[in-house]
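In the UniProt record's numbering, the protein residues as written are 1 to 596.
Positions of the beta carbon are idealized from the N, C-alpha and C atoms, including for glycine.
Everything numeric in this text was worked out from a predicted model, so none of it was measured.
For reference, the structure is listed below as structure tokens.
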């Protein structure tokens with residue numbers, strides 16, 4: 001029976017037929033790999049996700065984390081699955097070989113991890129955060145910090161978190177109040193609170209490595225005064241063994257509509273419950289330089305944002321596959337042309353409106369998967385391309401695409417989950433079928449790691465205008481290279497549509513910023529994000545369509561039909577959005593709070 005978690009065939013198409021990841025093995029960083037090693041780890045990921053992650057997805061949802069005698073309790077299957085994950089080397093997959101990693105290309109690693117996100121988003125969140133934590137330390141930590149914290153995380157013995165938000169500050173990191181006071185021994189003592197910390201406390205591992213944003217007294221105001229600290233739950237002795245309990249205390253668990261298998265916490269730092277060395281305050285160690293913490297944390301946040309987009313895609317994808325399976329097996333009604341009321345009912349996939357819903361969902365989830373894997377491929381280019389110019393171009397394009405890669409799947413793959421419920425009809429919103437849980441789990445993704453609105457501000461307020469508009473220009477050049485390849489093919493009309501939309505997107509960007517007033521430019525930024533996101537995914541559907549040229553079979557026909565759907569049903573939505581933006585409409589901006 002085909003997998004209802006993901007499509008191995010689609011991953012094969014995207015990785016090998018489109019992105020041609022095997023060519024990466026010609027580069028020194030990935031020279032030890034081959035097509036065979038890539039396929040082997042993908043097959044192993046499918047097996048572990050199917051046998052160890054998916055089976056307890058519902059159980060973890062129905063039995064969310066709770067406290068017993070001050071300790072977090074989870075269903076035992078979570079720890080068992082994560083042990084299998086770690087024993088297979090999955091925690092270490094993206095890390096360098098010298099740190100015990102498999103040194104997989106980012107594109108392959110992203111494809112590996114989406115198996116676990118689609119199978120069980122709650123359980124997969126723990127290693128997802130841990131890998132991002134380790135990658136940040138490898139990039140910005142001292143050799144001692146890397147040696148102390150990264151190998152245990154790579155082995156799955158310790159997990160990691162990111163601790164940014166605070167109850168009073170939310171996403172406004174300039175307003176955080178957690179303090180870090182320097183000590184004579186070079187360490188710092190932290191006091192404060194952190195809210196919405198996924199994986200912030202549990203008994204799954206020996207230790208938890210928190211990466212915490214805090215301000216050192218006397219530093220600059222706002223975000224320029226933020227520093228980054230590594231704060232372990234248990235202090236680490238010189239020989240790597242665990243020492244005293246650090247002054248990091250679980251103050252409470254947050255209870256969410258989805259992602260219930262992941263602990264989500266309020267943490268108190270330095271409240272005196274534990275006093276390492278007889279002194280109150282959580283012991284932390286500075287990562288990098290003072291007051292540069294936010295730039296370091298963006299290394300983890302940007303990785304997490306692309307990962308969130310992939311998680312949204314995985315949830316949308318599994319919901320779509322379940323809906324297709326249901327539509328093929330559920331019989332109801334008869335063909336419109338049928339005249340015999342005694343004829344047997346037909347599978348609901350035979351009804352045009354059900355095919356419409358499934359085709360829409362297919363265009364969203366396969367488009368989202370292409371977007372996430374393309375961004376991961378850019379990471380590989382940024383790391384290993386032959387010339388500095390190529391690496392810089394990949395970095396610029398990745399920077400520009402990151403808010404889209406986070407938010408577009410979070411919006412449209414959630415829409416795919418909504419459609420999956422609709423395809424199931426009355427059964428869709430019952431717990432008899434898993435599609436209602438997929439929707440609840442996915443509803444978190446438009447919020448965490450920066451809301452839809454924050455990604456919109458990032459795209460329009462920073463990414464497309466940075467360096468004199470270099471980010472938008474790089475995106476336009478990449479899309480233009482594809483549309484030129486489409487000339488003379490059956491996809492020339494889609495290419496012309498994209499060329500027109502890219503030109504209009506550039507003109508609208510200039511119009512929005514013409515007066516240099518951010519209130520005017522950014523008031524409707526979410527509309528800009530949605531329009532730009534559809535243009536980008538339309539481009540990636542053109543890329544996929546061109547890859548199918550000369551290839552026959554149901555799989556390729558399905559790809560071509562989804563590309564046509566996106567061209568004819570989705571891209572027409574962009575024109576009115578761009579027209580609205582170009583009008584500089586002030587309806588939202590001039591609304592007053594008293595009028596609600």
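Problem set entry | Candidates 312, 359, 364 and 329, of which the one nearest residue 348 by Cα | Closest in C-alpha terms to residue 348, from the list 312, 359, 364 and 329, comes 329.
Exercise. So, using beta-carbon positions, are residue 151 and residue 99 closer together than 8 Å?
Worked result: Residue 151 is a Cβ neighbour of residue 99, given a cutoff of 8 Å.
Problem set entry | C-beta neighbour in chain C for residue 44, strict 8 Å | The structure shown contains no chain C; it holds only a single protein chain.
For this session: Compute the distance between the beta-carbons of residue 494 and residue 486, then report whether it is under 8 Å.
Result: Note that the C-beta distance between residue 494 and residue 486 is below 8 Å.
Exercise. Excluding sequence positions up to five away, which residues of its chain have a Cβ less than 7 Å from the Cβ of residue 324?
Worked result: Answer for residue 324: 358, listed in chain order.
Exercise. Residue range of the alpha helix (DSSP H) that residue 302 falls in?
Worked result: DSSP places residue 302 inside the alpha helix (DSSP H), whose first and last residues are 293-329.
For this session: For residue 591, count neighbouring Cβ atoms within 10 angstroms of its own Cβ and tell me buried if that reaches 16, exposed if not.
Result: Residue 591 is exposed by the Cβ-count criterion.
For this session: Helix, strand or coil for residue 279, going by three-state DSSP, please let me know.
Result: Looking at residue 279 - three-state DSSP - the assignment turns out to be coil, as it is neither helix nor strand.
Exercise. Is residue 172 buried or exposed, if buried means 16 or more other CB atoms sit within 10 Å of its CB?
Worked result: Exposed is the label assigned to residue 172, since fewer than 16 other Cβ atoms lie within 10 Å of its Cβ.
Exercise. Is there contact between the region 217-224 and the region 290-309, where contact requires at least three CB pairs shorter than 8 Å?
Worked result: Judged by Cβ distances under 8 Å, the region 217-224 makes contact with the region 290-309, as three or more pairs qualify.
Exercise. What are the start and end residues of each continuous beta strand (DSSP E) run of 3 or more residues lying completely inside the region 371-411, in chain order?
Worked result: At a cut-off of 3 residues, not a single continuous stretch assigned as beta strand (DSSP E) sits fully inside the region 371-411.
Exercise. What is the rounded straight-line gap between the Cα of residue 515 and the Cα of residue 208?
Worked result: Using only the alpha carbons, I get a separation of about 48 Å.
For this session: Taking the CB atoms as reference points, tell me whether residue 313 and residue 368 lie closer together than 8 Å.
Result: Yes, the pair counts as a contact, with Cβ atoms nearer than the cut-off.
Problem set entry | Cβ contact check for the region 272-283 and the region 72-89: 3 or more pairs under 8 Å | The region 272-283 vs the region 72-89: no contact.
Exercise. Considering only residues of the same chain and omitting the five flanking positions on each side of residue 580, which have a CB-CB separation below 8 Å?
Worked result: Setting aside the 5 residues that flank it on each side, residue 580 is surrounded in the same chain by 524 and 527, each with a C-beta closer than 8 Å to its C-beta; the list follows chain order.
For this session: Could you tell me the boundaries of the beta strand (DSSP E) in which residue 160 lies?
Result: For residue 160, the enclosing beta strand (DSSP E) starts and ends at 158-163.
Exercise. Can you tell me whether DSSP reads residue 513 as helix, strand or coil?
Worked result: DSSP places residue 513 outside both helix and strand once states are collapsed to three, so it counts as coil.
For this session: Quick one: which unbroken beta strand (DSSP E) runs of 3-plus residues sit fully inside the UniProt domain "Acetyl-CoA dehydrogenase-like C-terminal" (477-591)? Chain order, please.
Result: For the UniProt domain "Acetyl-CoA dehydrogenase-like C-terminal" (477-591), not a single whole beta strand (DSSP E) run of length 3 or above is found.
For this session: Taking 8 Å as the cut-off, decide whether the C-beta atoms of residue 311 and residue 414 are in contact.
Result: In this structure, residue 414 does not lie closer than 8 Å to residue 311 by Cβ.
Problem set entry | Cβ contact (3+ pairs, closer than 8 Å) linking the region 400-417 and the region 436-447 | By the C-beta criterion, the region 400-417 is judged to be in contact with the region 436-447, since at least 3 inter-stretch pairs fall below 8 Å.
Problem set entry | Distance, residue 25 Cα to residue 554 Cα | In a straight line, the C-alpha of residue 554 is about 31 Å away from that of residue 25.
Exercise. Comparing alpha-carbon positions, which option in 270, 286 and 285 lies nearest residue 279?
Worked result: The residue with the shortest Cα to Cα distance from residue 279 is 270.
Problem set entry | Cβ neighbours of residue 512 in the same chain (closer than 6 Å, five flanking residues each side left out) | For residue 512, the CB contacts under 6 Å within the same chain, skipping 5 residues up- and downstream, are 521 in chain order.
Exercise. Looking only at its own chain, which residues have a Cβ that is under 6 Å from the Cβ of residue 33, when we skip the five neighbours before and after it?
Worked result: Residues 25 of the same chain have their beta carbon placed closer than 6 Å to that of residue 33, with the five preceding and five following residues left out of the count.
For this session: Please list, in chain order, all residues of the same chain as residue 101 whose beta carbon is under 7 Å from its beta carbon, the five residues on each side excluded.
Result: Its chain contains 92, 93, 94, 95 and 154 as the residues whose beta carbon lies nearer than 7 Å to that of residue 101, once the 5 sequence neighbours on both sides are disregarded; these appear in chain order.
For this session: Pick helix, strand or coil for residue 73, following the three-state DSSP scheme.
Result: The answer is strand: DSSP assigns residue 73 an E or B state.
For this session: Count the C-beta pairs between the region 195-204 and the region 153-169 that are closer than 8 Å, then say yes if the count reaches three, no if not.
Result: Three or more beta-carbon pairs separated by less than 8 Å link the region 195-204 to the region 153-169, which places the two stretches in contact.
Exercise. When DSSP builds the beta bridges, which residues end up paired with residue 182?
Worked result: For residue 182, DSSP records a beta bridge to 188.
Problem set entry | Given residue 16 as reference, the closest of 107, 468 and 228 once Cα atoms are compared | Considering only alpha carbons, the answer is 107.
For this session: Evaluate the contact criterion for the region 243-250 versus the region 291-305: three or more CB pairs, one atom per stretch, below 8 Å.
Result: These segments do not touch.
Problem set entry | Extent of the continuous beta strand (DSSP E) to which residue 66 belongs | Residue 66 -> beta strand (DSSP E) spans 66-68.
For this session: Return the chain-ordered list of same chain residues with a C-beta closer than 6 Å to the C-beta of residue 294, the five sequence neighbours on each side being excluded.
Result: Only 223 and 226 meet the Cβ criterion.
Exercise. Do residue 160 and residue 265 have their C-beta atoms closer together than 8 Å?
Worked result: For residue 160 and residue 265, no; Cβs fall outside 8 Å.
Problem set entry | residue 326 to residue 44 span [Cα, whole Å] | When rounded, the distance between both Cα atoms is 27 Å.
Exercise. Tell me the DSSP bridge mates of residue 194?
Worked result: Residue 194 is bridged to 267.
Exercise. What residue range is occupied by the uninterrupted beta strand (DSSP E) comprising residue 208?
Worked result: Note, residue 208: beta strand (DSSP E), 207-215.
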